[in-house]
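Heads up, the thing below is written out as structure tokens.
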Amino acid sequence: MSLDTQTLAEEMYNLVAETDGVARYKPQDMFKAMIEKHKDEGVNKKDCKEALKTLIQAEKLTYTVLNGSCTSMVCLAGAEEEN
Numbered sequence: 002m003s004l005d006t007q008t009l010a011e012e013m014y015n016l017v018a019e020t021d022g023v024a025r026y027k028p029q030d031m032f033k034a035m036i037e038k039h040k041d042e043g044v045n046k047k048d049c050k051e052a053l054k055t056l057i058q059a060e061k062l063t064y065t066v067l068n069g070s071c072t073s074m075v076c077l078a079g080a081e082e083e084n
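According to the working numbering, the sequence shown is numbered sequentially starting from 2.
Printed below as a string of structure tokens:
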């Protein structure tokens, strides 16, 4: 992969932030969008999972769970101020 994890994480965060309050992304939908966008760089699901893990650990994103299944990604308030 020619993209580093941090760059991919920032793009994932921006993707969710752009639609925050309007639409919600499921992790799989976000992975598909990033893989499609960066297919020439060889981004795969493993890379996307690592970037998502980075965002969650940095407390920039969280997800909602219903009946044991992740239903959507949500930007945490104040996280954009730290960028």
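Note that the Cβ used here is the ideal one computed from N, Cα and C, for glycine as well.
Check                                                                                                                                          : Outcome
Identify the continuous beta strand (DSSP E) that holds Tyr-64 and give its terminal residues.                                                 : 62-67
How should Leu-67 be labelled, buried or exposed, when 16 other C-beta atoms within 10 angstroms of its C-beta is the threshold for buried?    : exposed
According to DSSP, simplified to helix, strand and coil, what is Val-17?                                                                       : helix
Pull up the distance between the alpha-carbon of His-39 and that of Val-23, whole angstroms please.                                            : 24 Å
Since Thr-6 and Thr-55 are thought to touch, with beta carbons under 8 Å apart, how far apart are those beta carbons, to the nearest angstrom? : 6 Å
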